[in-house]
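Scroll down for the structure; my scribbles are underneath it.
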Amino acid sequence: MNASGGAGVSDSETRTDSREEAQAESLVLQRLREQCGDALREVKVWRNETTVILSRQDLVRVCRFLRDDPDLAFDFLSDVTGVDRLKLPQASPRFEVVYNLYSLQHRRRLRLKVRVDEGEAIPTVTGVWETANWHEREVYDLFGVPFEGHPDLRRILMPDDWEGHPLRKDYPVEASPRWWEEEPA
1 MNASGGAGVS
11 DSETRTDSRE
21 EAQAESLVLQ
31 RLREQCGDAL
41 REVKVWRNET
51 TVILSRQDLV
61 RVCRFLRDDP
71 DLAFDFLSDV
81 TGVDRLKLPQ
91 ASPRFEVVYN
101 LYSLQHRRRL
111 RLKVRVDEGE
121 AIPTVTGVWE
131 TANWHEREVY
141 DLFGVPFEGH
151 PDLRRILMPD
161 DWEGHPLRKD
171 YPVEASPRWW
181 EEEPA
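In terms of the working numbering, the sequence shown has 104 at position 104, counting the first letter as 1, and numbering is strictly consecutive.
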């Protein structure tokens, strides 16, 4: 029981966990700087979550290192998503593709970001994690960001004849034709 009468984590356990997370985070950044320092454009740490911004040219090399290094072993690509930065103050490059990685062995997370302009392709990471296949297709389908070298880059959620990419901030929000028929009352 904690001080409020409920079951919970004690302050000393929280401090220990925070220290362990900080040490793990510093190991990840240390190894990244040693092996891929030239690739790191920016590093942000907020609430024990590390985000590394890379150039698109360095993405595959860094991902392979993160997966293969036994001290890091980021063997699980949790997801890939996109961000349309169109209306942000510093909106260039326009798109941000976000890779959320997890190490099952070391129980730690890492977020990678790659920023690209309209029409600029990002190299696929399907050769590093096969699960990237559908994740990258989703980003392509909803944001229009192409992935160079992807084995099957086509729509995954929207119908094949759908026009545009619905999560872009410039996508027209207006009535669209119905894709269903209503039954008479």
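Positions of the beta carbon are idealized from the N, C-alpha and C atoms, including for glycine.
Owing to the predicted nature of the structure, the values given are computational and were not obtained by experimental measurement.
- The straight-line gap separating the alpha-carbon atoms of Arg107 and Leu66 is approximately 14 Å.
- Around the CB of Trp129, 16 or more other CB atoms lie within 10 Å, so the residue is classed as buried.
- Annotation: the continuous alpha helix (DSSP H) that includes Arg64 extends over 59 to 68.
- Take Val145, set aside five residues on each side of it, and the residues of its chain with a beta-carbon closer than 7 Å to its own are Gly82, Phe95, Val97, Val116, Ile122, Val139, in chain order.
- Here DSSP, grouped into helix, strand and coil, assigns Glu136 to helix.
- Looking from the CA of Ile156, the closest CA among Asp69, Arg64, His135 belongs to His135.
- Here Phe74 is near Leu101, since their CB atoms are less than 7 Å apart.
- Around the beta carbon of Leu110, 16 or more other beta carbons lie within 10 angstroms, which makes this residue buried.
- By the criterion of a C-beta distance shorter than 6 Å, Val43 is surrounded in its chain by Val52, once the five residues flanking it on both sides are discounted.
- The shortest CA-to-CA distance from Glu163 to any of Asp79, Leu86, Asp141 is the one to Asp141.
- For Ile156, there is no enclosing beta strand (DSSP E), as DSSP gives it neither H nor E.
- For Val28, the three-state secondary structure derived from DSSP is helix.
- Under the three-state reduction of DSSP output, Gly37 falls in the helix class.
- The DSSP-derived three-state label of Asp141 is helix.
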